[in-house]
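The structure under discussion appears below in the form of structure tokens.
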């Protein structure tokens, strides 16, 4: 009788474990389904978190040098951000608004011209003789997407404003949101989780600072260099180069393409000078500017960063490429602290710790 009761308890325990496993698997499946459906919203929220981290960095900077509380520092930080955006828009906005439409019109022409020149090279015409119109085949699909990107300006502005709105609400009371997240975990792990969240915020601030330094240097240097080379629309091309520098490693390559095409449309030799300019600027940025200005800033290994960006592109397209690296920063800090340190017991220099 006792053996029978013991067997029933064993079966009951086994059944309970199986049901728990099935329930967890179903929960994970449901979460993955909704995560896939809400991927764009989740990326927008993460972009808002980045905006909040950036504003919070300005707040901390104000508190470091001014004897004021957080509310006054936040007001000053928001004023500085508004002045920076408004001043930049007033200073270069009208000229850029005139150059960007012209740039969109000339880029397809530049690509078609490049394809025509390539066709004239020995052996290329024979390889492409089965294609009726290689220039059209190569040019239109690529630049239809490119021009569609610029034609969706209204949607981009709306997303940008939403990101700023989310960031503004987050930075108003970050402690409240942190407390809400921490309360989802057992009390014994809450102190450690706060430490992880603090280090993730610090790493993101340092990473954003490194990107800001690179973007300003590359954008200004490219614009000035193109003006010196007498390349048309130098301001717009410099702006594109600076903005795309936000994406490490892949961004500068993407930013060089429009400049090289526009320069090639003027003269092939000018395109070579433009390439030399980009190589020079990127070399200075990597080997002189960043080492001097970015002490303690966060930089991930190049191969790891590129792989993460490609994965982001496969999952979420352009937004995935843009946000892949800061997401990787957050993930690396969590793995280092929660797995390498807590589970494996190894000492590791956490990203952004110095």
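In the numbering used here, the protein residues as written are 68 to 421.
Using N, Cα and C, we set each Cβ at its ideal position, and we do this for glycine too.
Rounded C-alpha distance that separates residue i from residue j
i           : j           : result
residue 304 : residue 180 : 19 Å
residue 385 : residue 106 : 13 Å
residue 294 : residue 316 : 24 Å
residue 423 : residue 280 : Examination of residue 423 is not possible in this model, given that the chain is present from 68 through 421 alone.
residue 260 : residue 254 : 10 Å
residue 86  : residue 100 : 21 Å
residue 389 : residue 405 : 26 Å
residue 114 : residue 297 : 37 Å
residue 144 : residue 323 : 33 Å
residue 175 : residue 329 : 10 Å
residue 373 : residue 321 : 13 Å
residue 367 : residue 246 : 29 Å
residue 123 : residue 273 : 12 Å
residue 151 : residue 157 : 10 Å
residue 251 : residue 327 : 52 Å
residue 343 : residue 359 : 23 Å
residue 289 : residue 149 : 25 Å
residue 95  : residue 244 : 24 Å
residue 411 : residue 131 : 37 Å
residue 135 : residue 126 : 10 Å
Cβ separation of residue i and residue j, assumed to be a contact under 8 Å, to the nearest whole Å
i           : j           : result
residue 424 : residue 277 : Outside the shown range of the chain, which is 68 to 421, sits residue 424, and nothing can be said about it.
residue 312 : residue 356 : In fact, because the Cβ distance is near 11 Å, the residues do not count as touching under 8 Å.
residue 319 : residue 349 : 5 Å
residue 140 : residue 133 : 7 Å
residue 120 : residue 268 : 6 Å
Residue i, DSSP secondary structure in three states
i           : result
residue 366 : coil
residue 300 : coil
residue 176 : helix
residue 408 : helix
residue 240 : coil
residue 136 : coil
residue 420 : coil
residue 82  : helix
residue 346 : helix
residue 314 : coil
residue 414 : coil
residue 145 : helix
residue 181 : helix
residue 152 : helix
residue 203 : Here residue 203 scores only 48 on pLDDT, less than 50, and its place in the model should not be relied on; the value that follows carries that caveat. Looking at residue 203 - three-state DSSP - the assignment turns out to be helix.
residue 337 : helix
residue 105 : coil
residue 214 : At residue 214, the pLDDT of 48 sits below 50, so the modelled position is not reliable and the matter cannot be decided from this model.
Of the residues the options, the one placed nearest residue i, counting alpha carbons only
i           : options               : result
residue 331 : 307, 178 and 84       : 178
residue 116 : 270, 339 and 403      : 270
residue 380 : 92, 110 and 86        : 110
residue 337 : 124, 292 and 378      : 292
residue 402 : 238, 240, 307 and 416 : 416
residue 353 : 249, 378, 290 and 282 : 282
residue 407 : 263, 321, 169 and 144 : 263
residue 314 : 344, 151, 275 and 346 : 275
residue 377 : 241, 392 and 129      : 392
residue 112 : 409, 394, 418 and 410 : 394
residue 266 : 419, 120, 89 and 250  : 419
residue 170 : 302, 287, 93 and 231  : 302
residue 227 : 118, 340 and 358      : 118
residue 409 : 256, 137 and 96       : 256
residue 168 : 340, 299, 339 and 382 : 299
Span of the alpha helix (DSSP H) around residue i
i           : result
residue 59  : Outside the shown range of the chain, which is 68 to 421, sits residue 59, and nothing can be said about it.
residue 326 : 317-333
residue 253 : Where residue 253 is concerned, there is no enclosing alpha helix (DSSP H), given that its DSSP letter is neither H nor E.
Residue i Cβ short of 7 Å to the ligand ZN heavy atom set
i           : result
residue 281 : Absent from the structure shown: the ligand ZN. Ligands present: none.
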